Structure formats: structure tokens, C-alpha cells
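Undergrad:
Residue numbers (this note's numbering), protein chains in the order written: chain A, 1 to 340; chain B, 1001 to 1269.
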């Protein structure tokens, strides 16, 4: 236990460094001293700086932590539920559901614009339609989950739903104007910024609820490491447990997608990265490590996306994969083995 | 009640049990009219050729699929009346070909057997740790308890799975082919281990196996499934009845009643 405590402590220190770096980097350079001052509520001379830190950088940093850890935890849940190393937060079709919702909003907008007018292009409309899309897909998957015996079937159904929705998005895209298309593509790039404190609050609430579900499943997740038949023989109620895990994933990954767009890679990769560091599959150790790991990776990607020293930013969805994928490949080649 | 009586109490019984699967429109019967009684402290082998219904019987006995008709009783309680949640304290399983994670230490994996008894976080109590250690020493793995299962040989890993079932501390253990993938020495070793377990701990073990020759030498009773018919008895009772004669095609494999072994018939031409 003490060894995993040290591990978690180290991860926490790295996370703190990440937080400070993410707060201090941006298109406007602000001295360290002033960042700390404004964080602790002391007034600083330059009120613009204070505004940037409190209303722009701080919410973004918190968003990065919530989304990175939320996606990673849901990746872990899916990998254990399906006993499949390729599973991630989106295998149940959550992000495709969200994409479908947003695609309908943006590209189907011309049909509805008469009723809704300006609301259509507001941030809340996008958040609502993304969550609506995810929710619909989640309900469909949940109702299947109650019917199918075999978890593998569920995985395949999730993949089918994903390809179905992406086909519908393509059809919508084919008939839409270049303006609408651009708007949709920008959404699909993902973004950690632009969240107000109110939105950060809602995201934190979802994160907390989703994570509570996950903590509640910890014991049964460990039993699932032996496979479903063993788990059942030890008294795990498979269907009930499956539904709890799906609900947790949907809340965590669904809210992340709604607020920041479909961020790829993190949820799939972080559990594998962390398993390389923590040599166990015991979820009681893995879960906190993965929360830290996901938050750190997301902050790191955010820092890189800022392109330190320049004024432009890269889309976060691209950064996570461009910089994350080689890291995972390198780790796997070095270890020659997937710790799954 | 004398302790003598307790020692030979009936732990698992099947009466006029019919096995099979219900499909949408038809019922597929696998084996019919099964009757047997397994007492505490008995090692029982379940023998039958591939596809004879050994797995179906094990699945039925462990409550994974319902019986077509008839009844199964564990410790004098109807299996069909037991809730999933409580089943884990009556019987434990050792299965083959499950996607068991090997990224756990031996101790962690065996400790998962305490699942039915631990709190909501799966925290091990002192009693749990004691039972896990006892299970590990029963299979002679106490030295390796901090090793990752990934680093073990197949034979050692099989012992870990048996230890997990022992840690679950149930009166009955059901095993599906516990000796597959093992060499001849380890096959004999594992079966000998099972024999020691039932003799020292008053547990009963029912295991499906293709190791007929070893089973005949070692087991207290045998359940033999042959073409939908089920025989039950001690090895010598079954031999006397001639139950093994028709198990395999006689022009390939014959049963030698003197040495109590199956032999290949060597084609002379």
C-alpha cells in the first residue's frame, strides 16, 4: 500500500507542476509571481492579467483536468468491462452520438432556423445537442445491454452504432454549405477553452457523479478481471454491474464530449500508459493513478497546443494524438508487451 | 448427531435431472435421467467424450443455465432457489479458457476468491488474509505470492486458480478440465493435489476431465456420460458393469479390465 501511496504522491507533484505550467503559458506572458498572487486572491497591478488568469486560464486548466481524468477513467471502465485492450470511452458510440447531435444542429440548421434563430449557433445549443445525441445512443445501448448475454455482442453493437451515425453525418455534410461544414469541423477539433465558470461547475458535477459510480463498481471491476463466468460465480450480478459501468462511462465521457468536443486517444491510451507505471490491475490502485495520469496528459497536451512562444493554438484533438500516439508506441516497443 | 455422520453427509445431489438447452421453438436434450449423490470429502471425476455434455452438466450444476427438468440440491437446498448473490458461498469454480488477467500478483488473484465475503471496497479482513494464505500454502505457492501471474508457468497458474477457489472457502468446488495444457507430470500432480485437498479439508470436488486413466486410479466416484446416458459409481463398480466398453469405438481404443486402463488398438497390417 505504501508503494502505491508514493506513486500517487509523485503523480500529484507532477500534476501540480502541470497546473502551474498550464497557467503560466499562453499568448500573453505573465510572470510567475503575479500568477500565484492572483490565484490566492491578492490583487496585482495589471488587472488585464488578473482577468486572463481568473476567467480564462484557470477554467481552462480545470477543464483539462476534469476532461483528461474523466475520459481516462471511462476508458479504464470499458477496457475492463469488455476485457479488451482496444476498448475506450467511445466504444459504445457515445462520441458518434454527440457528433450526430451537433451535426444535426449545425448542418440541419437551415431547416429549423425559422423557429430558433440565433439560439442555434450559441454554445449552449451545441452542448445540449451533443449531450442529447450521447444520451440517445446511451439509452439505446443500455436497452441492448439488458437483453444481450454476451458483452462482446455489446461491443460490436457499439461499433455498428458508431459507423451508422458517422454515415448519417456524412450524408448531412454532403448536403450542407461550406460555412456549416467549417463550423462542424471546428467543433470536432475539440477545445478546452471557452468554458465559463458556470459550465466548469456543471462539468465538475458530472465528473463527480460519474466517478462516484465508478468507485462504487471498484470491487466488481476487480472480479471482472477473472472473466464474467468467474465473476458471476462469486456473486457479481453481471447485468446490474454492466449497467452501472455504462452509466458511469456515459456521464464521464458524455459530459466531456458535450463541453470539449470528441477528444480522441486520451481515454484509450492513458490506462495503458498508467499500467506501464503501476504494475498491477487492481482497480483500487489503478483508478486514482489513472485520474492523475489522465489529468497530467491532458494538461501536457494543452501546453503543447498553446505552442509556447507563439500566439496561435493547435486544435487539442490533433495534439492528443500527434504527441500521444508516438509516446504510447515508444513505451510499448520498449516494454515489448502490453500490460493488460 | 455423531461426527461420523457429519463427515459423510450428502453435499450435492441430482435426481432425475435432464440437461439441455431451450431454444426458441425447440428443446435440445443433451443427457437424461441423471442421478447421483456426492458426499463431503469425495473426489469425483466427470468423464465423457467431446460434446457428450460434460460442460452442460457443470454449467447446470453451477447455476449458469437452468435444468430442463429434475432437481439439483446443494447442502440440502434447491439450487434453483438460491440467489446469484449467495451461490458464491456454496460453490466455487475452476474454469479453463477464461480471459483471466495475468497482470495481478498471485496473492491479489487468490484474494479475489474472498469476493463474496469482503466489504463494498473489497478490503481484506484479517480472516480473509488468513484464508488466502492457507489456500496458497495448500497448493504450495506461498513462496511465489508476490510474483506476477504473468511470470508463472501454465502448471503454476493452474495452481493459482485452484487456490482462488480454495480461498472462496466453499464446501463444493466444480472444475472444468483442470489439467488441460499440462504435461503428464503436472496432470498427475494436480489430480494428486485435488485428492489431498478433499482428504484434508472435507471439501468435495467434481471435475470434468479427459484423463480417464488417471481418474480411474484416483477418484472416489465417477460420473460417466456416454451417448446421452449417465452412469454413476465407484471406478470398480463401473468397470464391473462394463460401462467403459462402449465409450470409444472398439476398433480404435479398448478398455483393459485387468490393468484398468484404456489402450490404443494397434493396427497390425
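Ideal placement from N, C-alpha and C gives every residue a C-beta, glycine not left out. Only a predicted model underlies this, so the values are computations on that prediction, with no experimental measurement involved.
Looking at the unbroken alpha helix (DSSP H) that takes in residue 102/A, where does it start and where does it end?
TA: It spans 94-107 - the alpha helix (DSSP H) in which residue 102/A sits, taken as one unbroken run.
Undergrad: Can you tell which of 334/A, 6/A, 247/A and 304/A has the C-alpha that lies nearest to the C-alpha of residue 136/A?
TA: Considering only alpha carbons, the answer is 247/A.
Undergrad: Can you tell me whether residue 245/A is helix, strand or coil according to DSSP?
TA: If DSSP states are grouped into helix, strand and coil, residue 245/A belongs with the helices.
Undergrad: Compile a chain-ordered list of the residues in the segment 248-281 of chain A whose CB is closer than 8 Å to at least one CB of chain D.
TA: Within the model displayed, chain D is absent; protein chains A and B are what it includes.
Undergrad: Of the residues that make up the segment 145-167 of chain A, which ones have a beta carbon closer than 8 Å to any beta carbon in chain B?
TA: Those would be none; no residue qualifies.
Undergrad: Looking only at DSSP bridge pairs, what is residue 1253/B linked to?
TA: Paired residue(s): 1264/B.
Undergrad: What residues in the segment 56-84 of chain A have a beta carbon less than 8 Å from any beta carbon of chain B?
TA: Listed by position, the residues of the segment 56-84 of chain A near chain B (Cβ gap below 8 Å) are 83.
Undergrad: Short of 7 Å in beta carbon distance, which residues of its chain neighbour residue 1032/B, apart from the five on each side in sequence? Order them along the chain.
TA: Excluding positions up to five away in sequence, the list reads 1018 and 1228.
Undergrad: Is residue 223/A close to chain B? Criterion is C-beta to C-beta, closer than 8 Å.
TA: Interface residue, yes.
Undergrad: Could you list which residues in chain A have their beta carbon closer than 8 Å to that of residue 1088/B, in chain order?
TA: Here the neighbours are 233, 234 and 235.
Undergrad: Would you decide whether residue 18/A is buried or exposed? Buried here means 16 or more other CB atoms lie within 10 Å of its CB.
TA: So residue 18/A counts as buried.
Undergrad: Between the segment 65-83 of chain A and the segment 198-213 of chain A, do at least 3 Cβ pairs fall closer than 8 Å?
TA: Yes: the two stretches touch, three or more of their Cβ pairs being nearer than 8 Å.
Undergrad: Distance, Cα to Cα, residue 221/A vs residue 91/A?
TA: Spanning the two alpha carbons is a distance of roughly 18 Å.
Undergrad: If you measure from the beta carbon of residue 1012/B to each beta carbon in chain A, is any gap under 8 Å?
TA: Not closer than 8 Å to any Cβ of chain A, the Cβ of residue 1012/B fails to qualify, so no.
Undergrad: Does the beta-carbon of residue 197/A have 16 or more other beta-carbons within 10 angstroms, so that it is buried, or is it exposed?
TA: Its Cβ having fewer than 16 others within 10 Å, residue 197/A is exposed.
Undergrad: In the DSSP output, which residue or residues are listed as bridge partners for residue 1204/B?
TA: Answer is 1172/B.
Undergrad: Given a cut-off of 8 Å, decide if residue 188/A and residue 261/A are closer than it, judged by their beta-carbon atoms.
TA: Yes; because the gap between Cβ atoms is below 8 Å, this pair is in contact.
Undergrad: What's the C-alpha gap between residue 99/A and residue 37/A?
TA: Cα to Cα, the separation comes out at about 40 Å.
Undergrad: Among 51/A, 102/A and 140/A, which has the Cα closest to the Cα of residue 122/A?
TA: That would be 102/A, whose Cα lies nearest to the Cα of residue 122/A.
Undergrad: Is residue 33/A helix, strand or coil by DSSP?
TA: Correct three-state label for residue 33/A: helix.
Undergrad: I'd like to know if the segment 284-303 of chain A and the segment 315-325 of chain A are in contact, where contact means that at least 3 CB-CB pairs between them fall below 8 Å.
TA: Yes, since at least three Cβ pairs between the segment 284-303 of chain A and the segment 315-325 of chain A fall closer than 8 Å, the two stretches touch.
Undergrad: Using only CA atoms, which one of 1057/B, 1063/B and 1072/B lies nearest to residue 1010/B?
TA: Residue 1010/B has its Cα closest to that of 1072/B, out of 1057/B, 1063/B and 1072/B.
Undergrad: Tell me, please, which residues DSSP counts as bridged to residue 1021/B.
TA: 1028/B, per the DSSP bridge assignment.
Undergrad: Given that a residue counts as buried once 16 or more other Cβ atoms are within 10 Å of its Cβ, and exposed if not, what is residue 1023/B?
TA: Burial call: exposed.
Undergrad: By the three-class DSSP mapping on this structure, what secondary structure does residue 1237/B have?
TA: Here residue 1237/B sits in helix by DSSP.
Undergrad: Find out if the Cβ-Cβ distance for the pair residue 30/A, residue 24/A is shorter than 8 Å.
TA: Contact flag set, yes.
Undergrad: Any idea what DSSP makes of residue 1001/B, helix, strand or coil?
TA: Interpretation of residue 1001/B is limited by its pLDDT of 40, a score under 50 that renders its predicted location unreliable; no figure is taken from the coordinates.
Undergrad: Determine, using beta carbons only, whether residue 1115/B comes closer than 8 Å to chain A.
TA: It does; some Cβ of chain A falls within 8 Å.
Undergrad: Beta-carbon within less than 7 Å of residue 1257/B's beta-carbon, same chain only, minus the 5 sequence neighbours each way: which residues are those?
TA: The residues are 1239.
Undergrad: Whose C-beta lies closer than 6 Å to the C-beta of residue 1232/B among residues of the same chain, with five residues either side of it excluded?
TA: If we look at residue 1232/B and ignore the five residues flanking it on each side, its Cβ neighbours are 1036 and 1223.
Undergrad: Residue 62/A to residue 219/A, Cα distance in whole Å?
TA: Rounded to whole angstroms, residue 62/A to residue 219/A spans 29 Å at the Cα level.
Undergrad: Taking the C-alpha atoms as reference points, what is the distance between residue 20/A and residue 8/A?
TA: Going from the Cα of residue 20/A to the Cα of residue 8/A covers about 18 Å.
Undergrad: To the nearest angstrom, how far is it from the Cα of residue 1049/B to the Cα of residue 1070/B?
TA: If I take the Cα positions, the gap works out to 24 Å.
Undergrad: So, is residue 241/A buried or exposed, given that buried needs 16 or more other C-beta atoms within 10 angstroms?
TA: The residue is buried, with at least 16 neighbouring Cβ atoms inside 10 Å.
Undergrad: Assuming residue 315/A contacts residue 190/A (C-beta within less than 8 Å), just tell me the rounded distance between them.
TA: Residue 315/A to residue 190/A, Cβ: 6 Å. Contact.
Undergrad: How should residue 45/A be labelled, buried or exposed, when 16 other C-beta atoms within 10 angstroms of its C-beta is the threshold for buried?
TA: With fewer than 16 Cβ atoms within 10 Å of its Cβ, residue 45/A is classed as exposed.
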